[in-house]
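First up is the structure itself, then whatever we jot down about it.
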Amino acid sequence: GYVGKINEQLKLVSLSDNELIEIPTNYELAYDFRFGFVPVMKNFKWGIANEHFELLIPCEYEYIEPICKDVFRYKENNLSGLIDIHGKTIIKAEFDNVNAIADDYFQLTKKSSWYGKTDSKLGIANKSGDILVPVLFSEIYQQNVNDSIFWIVSKKIEKEEVYNPYLIKKGVYCNGKIIVPVIFDEIKFNDNMFECAHKEEKDIETITKYNIKGEVVLRDNFFVPSEYSLALESTIGLFRVMKDSKWGIMN
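FYI, the numbering for the sequence shown is 111 to 361, going by the numbering used here.
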């Protein structure tokens, strides 16, 4: 159903900056203002109007609302997407939810059900509609470094164990690229580097450090190029390196 506000004269109103504004009679309903815009309903379809209730986006959506400045979340077939003030699609309505989480960044959510359990996968998009983090992860945390935003992600890896069916592996994305591969058990950011822990058998833990370029940092500030996802010290001054899940040796 729909829930609206009425004033003492029993007129439908919208709230704008703590002021109740009467809704014009050409609309059946309107919700409260956000970011200078108001969702309005006509013929049981929703659009967007400005502070004067002048229609900016036609009433042709299941629902639409401002989510940040000049960006609007809309619904189509009960799925959510984003459009701009001109009605141009930013993100197609393919997600169970889309939320603004930082300036010009949005979290995308897809849900799936399996044997009565609901699982959510998350991703990140920007205001241009670019997918910066694919919709694959159970958790995503934001790490600001200077003028860049890094996304520390967690992914569930299935195991063939009834009482412990998942492993959680973590990695880091930035600007749509993998900075740290999603293979680690814990990731912390210290001294401008990502310290990544991998727990091996018998509770042996190894730490691999990555700089913000995605390079593995080894002893004496030796940097392994970011094309290699992992690097470990070996014998006689050589290093074991991983690329495309295959191991090799580097001097």
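Think of the CB as a built atom: it goes at the ideal place given N, C-alpha and C, for glycine as much as any other residue.
Start-to-end residues for the beta strand (DSSP E) that takes in T228: Taking the first residue of the sequence shown as position 1, residue 228 is located at position 118. First-last of the beta strand (DSSP E) with T228: 227–236.
What is the DSSP secondary structure of Y137, counted as helix, strand or coil? Counting from 1 along the sequence shown, the entry for residue 137 is found at position 27. It is coil, neither helix nor strand.
Are the Cβ atoms of K152 and E138 separated by less than 8 angstroms? Looking up residue 152 in the sequence shown gives position 42. Looking up residue 138 in the sequence shown gives position 28. Yes, these two residues count as a Cβ contact at 8 angstroms.
Taking all protein chains shown into account, decide if V113 is buried (16 or more other Cβ within 10 angstroms of its Cβ) or exposed. For this step, residue 113 is matched to residue 3 along the sequence shown. By the neighbour-count rule (16 or more Cβ atoms within 10 Å), V113 is not buried but exposed.
Beta-bridge partners of H196, as assigned by DSSP: For the purposes of this step, residue 196 is taken as residue 86 along the sequence shown, with counting starting at 1. Bridge partners of H196 according to DSSP: none are assigned.
Cβ distance (whole Å) where P149 is taken to contact Y141 below 8 angstroms: For the purposes of this step, residue 149 is identified with residue 39 of the sequence shown, where counting begins at 1. For the purposes of this step, residue 141 is identified with residue 31 of the sequence shown, where counting begins at 1. With 8 angstroms as the limit, P149 and Y141 qualify as a contact, their Cβ atoms being about 5 angstroms apart.
Sequence-distant residues of its chain with Cβ nearer than 7 angstroms to K155 (five each side left out): Reading the sequence shown from its first residue, position 45 is the one you call residue 155. Hits under 7 angstroms: C169, E170, Y171.
Helix, strand or coil, according to DSSP, for G191 in the structure here? One-based indexing of the sequence shown puts residue 191 at position 81. Looking at G191 - three-state DSSP - the assignment turns out to be strand.
Where do the ends of the beta strand (DSSP E) carrying Y112 lie? Your numbering for residue 112 matches position 2 in the sequence shown. Here Y112 belongs to no beta strand (DSSP E), and DSSP marks it neither H nor E.
Are the beta-carbon atoms of K220 and D206 separated by less than 8 angstroms? As a position in the sequence shown, residue 220 is number 110, starting the count at 1. As a position in the sequence shown, residue 206 is number 96, starting the count at 1. Contact: yes.
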